[in-house]
Amino acid sequence: MTPTHDRNQRSADHLVERLLDLWARPIPDPREARSAFERLYADPVTINGTDLPLQALVDRSAQMHASLERTDARVVDVVSSPGKVVVAFDMTARHIGTWRSALGDVSPTNRTVTIRAVDILTVEDDLITEIVVVSDEVSLLAQLGVHL
Numbered sequence: 519m520t521p522t523h524d525r526n527q528r529s530a531d532h533l534v535e536r537l538l539d540l541w542a543r544p545i546p547d548p549r550e551a552r553s554a555f556e557r558l559y560a561d562p563v564t565i566n567g568t569d570l571p572l573q574a575l576v577d578r579s580a581q582m583h584a585s586l587e588r589t590d591a592r593v594v595d596v597v598s599s600p601g602k603v604v605v606a607f608d609m610t611a612r613h614i615g616t617w618r619s620a621l622g623d624v625s626p627t628n629r630t631v632t633i634r635a636v637d638i639l640t641v642e643d644d645l646i647t648e649i650v651v652v653s654d655e656v657s658l659l660a661q662l663g664v665h666l
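Quick note: the sequence shown uses this note's numbering, first residue 519, plus one each step.
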């Protein structure tokens with residue numbers, strides 16, 4: 519390992535830590551939430567090829583927390599290169615509110631679910647400018663009892 523690689527990996531690990539902390543719990547005050555997201559994301563941020571205003575990402579976070587009460591997050595792996603960070607993680611949560619899925623809304627089940635996701639992050643000037651999100655929503659829906 520080279521010193522540059524070690525520095526890149528430490529920087530990536532720190533970014534992932536900040537990212538998981540930001541999404542760990544709801545931020546009730548809208549101004550505080552917006553400010554917290556501005557410290558990590560560009561405005562707009564591109565997600566799966568679509569530009570999303572930062573406020574929409576803040577709103578998405580609030581909706582997720584209204585649906586899923588996170589109980590744990592475990593990083594599976596982090597891989598980095600200059601300007602890119604890839605993080606694979608599992609999130610365990612209790613389904614406490616309506617989950618808005620690609621197949622429709624799922625009423626609260628109070629079930630504990632585990633979601634696996636991989637985020638490919640593009641980072642410029644210490645801000646996430648683009649994310650390619652790959653998550654296992656089919657597994658999540660099956661855990662919630664949705665018949666596909």
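Think of the CB as a built atom: it goes at the ideal place given N, C-alpha and C, for glycine as much as any other residue.
Within-8 Å CB hit, residue i to chain D
i    : result
R557 : The displayed structure is made up of one protein chain only, and chain D is not part of it.
Whole-angstrom distance between residue j and residue i, CA atom to CA atom
i    : j    : result
Q527 : V594 : 15 Å
L570 : R592 : 26 Å
L645 : S553 : 13 Å
G663 : D524 : 43 Å
H613 : V563 : 27 Å
D654 : S619 : 12 Å
T568 : R578 : 14 Å
M609 : I633 : 5 Å
E642 : E587 : 31 Å
D590 : A606 : 14 Å
L621 : G615 : 16 Å
L533 : R549 : 22 Å
D561 : T640 : 13 Å
D623 : W541 : 21 Å
Spatially closest choice to residue i from the options, by CA coordinates
i    : options                   : result
N628 : P548, A580 and Q661       : Q661
A580 : A530, V631 and I545       : I545
E648 : S625, G601, V597 and T630 : G601
Distance between beta carbons of residue j and residue i, contact taken as under 8 Å
i    : j    : result
L667 : F555 : Beyond the ends of the chain as shown, which are 519 and 666, falls residue 667; an answer cannot be given.
Strand pairing of residue i, partner residues [DSSP]
i    : result
G622 : S619
L639 : V603 and I649
L570 : V563
Cut-off 7 Å between Cβ atoms - residues of its own chain near residue i, not counting five sequence neighbours on either side
i    : result
D685 : The structure shown does not extend to residue 685, since the chain is modelled only from 519 through 666, so no value can be given for it.
Y559 : L572, L575, L645 and I646
Chain-order list of residues whose beta-carbon lies under 8 Å from that of residue i (same chain, five-residue window excluded)
i    : result
N566 : I649, V650 and V651
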